[in-house]
Amino acid sequence: MKRVTGIGGILFQSENPGNLYEWYEKHLGIKREPHGQGATFEWRELQAADGSEPGAKGATAWAIFPRTTKYFGASKASFMLNYRVDDLDGLLEELKKAGVEIDPHRESADYGKFAWIMDPDGNRIELWEPAKE
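Heads up: the sequence shown begins at 0 in numbering that gives the first Met the number 0, then just goes up one per residue.
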């Protein structure tokens, strides 16, 4: 089974998200989405699963959360990577058998399914299975 297929998002915390968003926009040109919840970098896979080109459209989220957020759970880090996966349920079953710490909370949205695990250093990792096109 394919496990991680790419980076789905880069999420980090700040004492002052508004100021940090402004800094990134001014100095690096990263503009927030109109809803204010981060930026999206759009891209396309080179090849589809059936070998045709180009592959599916994809996106990588980039977001700043307040330092007080509960979204990072008990993570020791002030950042969290979101990894794209092909089969979230299958991967979670394999990780469970391997003794990986898995947050029982799950979320679903029109853009996919989410779950969270912890690595051995106590860093929270978000797993995302994008919705099928």
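Virtual Cβ for every residue (Gly too), placed ideally from N, Cα, C. Computed from a predicted structure; not experimentally measured.
Using CA coordinates, which residue listed in the options is at the minimum distance from residue i?
i    : options                : result
H104 : E93, T59, F71 and G121 : F71
G111 : I29, S74 and E128      : E128
T4   : A97, R123 and A58      : A58
I83  : K69, K30, K56 and F11  : It should be pointed out that residue 83 corresponds to Arg in this sequence rather than to Ile. Considering only alpha carbons, the answer is K56.
R115 : R123, A62 and D109     : At residue 115 the sequence reads Trp, which differs from the Arg that was named. The residue with the shortest Cα to Cα distance from W115 is R123.
L87  : G17, A130 and D118     : A130
D109 : E132, W42 and N18      : E132
Let me check one thing: in DSSP terms, what residues is residue i bridge-paired to?
i    : result
T39  : A60
N81  : G8 and E125
I29  : Partner(s): none; I29 has no beta bridge.
V3   : V84
E100 : M117
P53  : Looking at the DSSP assignment, P53 forms no beta bridge with any residue, so it has no partner.
P16  : According to DSSP, which records beta bridges pairwise, P16 is partnered with nothing at all.
Beta strand (DSSP E) containing residue i: first to last residue?
i    : result
K112 : G111 to M117
E106 : E106 to A108
For residue i, verify whether its CB is less than 7 Å away from any heavy atom of the ligand MN.
i   : result
K30 : In the structure shown, the ligand MN is absent, as is every other ligand, since no ligand is present at all.
If contacts are defined as beta-carbon pairs under 8 Å, then residue i and residue j qualify, I think. What distance do you get, rounded to the angstrom?
i   : j   : result
S77 : F11 : 6 Å
Original post:
If you pair each beta-carbon of the stretch 14–32 with each one of the stretch 82–97, do three or more pairs fall below 8 Å?
Top reply: no
**OP:** Count the CB pairs spanning the stretch 11–25 and the stretch 58–69 that are closer than 8 Å, and state whether there are at least three.
**Re:** yes
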